[in-house]
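Quick note on numbering: the sequence shown equals residues 1 to 283 in the UniProt record's numbering.
Notes for the one structure printed next.
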Amino acid sequence: MMEHGEPLQFGIVTDVHFQTEDPRAAHRDEAYLRHCLEDLGSRGARFLVQLGDLIKGTPDHAPEELRQALCPFKEFNGPIHHVIGNHCLQLPVAILQPAYGLRHPWYSFTEGGVLFLVLDGMEVSLLREPETDEDRAMLEHFRKTPGCQPWCGAVGSRQKAWLQKELRLAGEQRMPAFVLSHLPLHPATTDERHGILWNHGDIRDILAASFAVKACISGHYHPGAYSRESGIHYIVLPAFNTRGTKGDDGCFMAVLREGQLIISTSAGTLLHDADLPKRAQQT
1 MMEHGEPLQF GIVTDVHFQT EDPRAAHRDE AYLRHCLEDL GSRGARFLVQ LGDLIKGTPD
61 HAPEELRQAL CPFKEFNGPI HHVIGNHCLQ LPVAILQPAY GLRHPWYSFT EGGVLFLVLD
121 GMEVSLLREP ETDEDRAMLE HFRKTPGCQP WCGAVGSRQK AWLQKELRLA GEQRMPAFVL
181 SHLPLHPATT DERHGILWNH GDIRDILAAS FAVKACISGH YHPGAYSRES GIHYIVLPAF
241 NTRGTKGDDG CFMAVLREGQ LIISTSAGTL LHDADLPKRA QQT
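So, in structure tokens, the structure goes:
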């Protein structure tokens with residue numbers, strides 16, 4: 001799977017929920033995050049993924065939360081790929097994109113012969129103004145749908161078309177693909193209180209139709225969870241801001257080998273060991 005047969009290692013952190021109202025807690029969290037990211041770098045992480053909700057999004061404090069939360073990331077010697085979460089949207093996307101170094105809220109990148117697809121699960125939400133008539137109709141539909149939590153959102157029509165195109169090209173190039181999403185995509189990997197991507201069924205259908213997709217890695221559901229469907233692993237990682245409650249330390253190292261995805265804590269405790277067999281293409 002990886003170029004030249006070498007394992008691909010990368011760090012992941014999600015749901016930091018950085019706040020500045022309590023200065024002592026802010027100093028502690030920033031120092032611990034800095035330590036974790038330095039440790040991931042020293043252990044060979046080629047890049048970092050920040051899976052969303054980097055800030056708590058406290059009214060009147062969000063700009064300073066973002067400024068301080070980004071400081072530890074600046075010392076990492078490698079690319080950093082940010083995902084926009086629901087708490088991030090206390091700030092406008094026009095501010096988040098340059099702060100996160102994003103040209104667009106959803107995007108793709110390749111590392112080691114692997115395609116990573118970053119979803120913007122808050123594209124259609126109460127926190128954003130829909131950009132197309134189709135997305136406006138989608139928002140009205142989900143606003144009236146029981147069980148759709150108001151702090152969650154959906155993947156819009158243009159993003160769905162982009163996702164299908166990216167997966168079609170990945171299939172043609174026989175390139176393995178991994179999906180990164182703040183919001184969980186599988187009902188078994190969240191609960192009613194946290195919520196889920198509103199149009200999770202549509203997106204899972206798109207993923208299942210592509211033999212390139214191996215796994216989806218998400219945050220949002222703070223305890224973390226796992227499920228598997230149509231040969232695709234749906235992994236939700238525990239939140240940084242609740243670290244230690246289940247023996248994790250809030251930062252994770254992912255290692256991709258041929259046919260295998262291993263995710264462990266930055267201290268080395270195994271969290272997931274997922275086999276990645278070749279999937280038959282659906283017709």
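We put the beta carbon where it would ideally sit given N, CA and C, even for glycine.
Which same chain residues end up closer than 8 Å to residue i when comparing Cβ atoms and leaving out the 5 residues on each side of it in sequence?
i: N77; result: G41
i: P146; result: none
i: A25; result: Q19
i: A108; result: Contrary to the premise, residue 108 reads as Ser rather than Ala in this sequence. L115, F116, L117, V118 and E166, listed in sequence order.
i: P59; result: Q90
Among residues of its own chain, excluding the 5 on either side of residue i, which ones have a beta-carbon nearer than 6 Å to its beta-carbon?
i: E38; result: none
i: Q282; result: Interpretation of Q282 is limited by its pLDDT of 47, a score under 50 that renders its predicted location unreliable; the figure taken from the coordinates is listed afterwards. A209, listed in sequence order.
i: K144; result: none
i: I263; result: F252, A254, L271 and H272
i: L126; result: P150
Can you tell me which of the three DSSP states residue i falls into?
i: A239; result: coil
i: H222; result: coil
i: D275; result: strand
i: Q68; result: helix
i: L119; result: coil
i: T283; result: In this prediction, T283 has a pLDDT of 40, which is less than 50 and means its spatial position is unreliable; what the coordinates show is noted afterwards. Residue state, collapsed to three classes: coil.
i: G201; result: helix
i: L139; result: helix
i: Q19; result: coil
i: F76; result: coil
i: H82; result: strand
i: V110; result: The amino acid occupying residue 110 in the given sequence is Thr; Val does not appear at that position. The answer is strand: DSSP assigns T110 an E or B state.
Nearest to residue i by alpha carbon, out of the options?
i: T14; options: Q260, E258 and M253; result: M253
i: R67; options: F10, F240 and F18; result: F18
i: H61; options: C88, A45 and F240; result: C88
i: S181; options: E192, Q159 and R257; result: Q159
i: T245; options: G224, E258, E229 and D275; result: G224
i: H220; options: D191, R228, I262 and K214; result: D191
i: E75; options: A31, V255, R204 and S218; result: A31
i: G259; options: T269, P105 and D275; result: D275
i: L183; options: E21, R204 and S230; result: R204
i: D22; options: H200, D202, H186 and E65; result: E65
i: R174; options: G57, K278, R28 and I95; result: K278
i: E111; options: N199, Q9 and F240; result: Q9
i: I232; options: W198, V179, F142 and N241; result: V179
Mind checking whether residue i and residue j have CB atoms under 9 Å apart?
i: L33; j: P7; result: no
i: residue 287; j: A177; result: Lying before the first or after the last residue shown, residue 287 is absent from the chain, which here runs from 1 to 283.
i: E134; j: G153; result: no
i: C251; j: Y234; result: no
i: T265; j: Y226; result: no
i: E172; j: L115; result: no
i: P79; j: R128; result: no
By Cβ distance below 7 Å, which residues in the same chain neighbour residue i in space, the five residues on each side in sequence not counted?
i: A69; result: V16, F18, L54 and I55
i: A267; result: D249
i: Q164; result: I206
Touching by the beta-carbon criterion (3+ pairs, under 8 Å), the region 140-154 and the region 45-53: They do not touch, by the three-pair rule.
The region 78-94 in contact with the region 117-125 per 3-pair CB rule at 8 Å: Yes, they touch.
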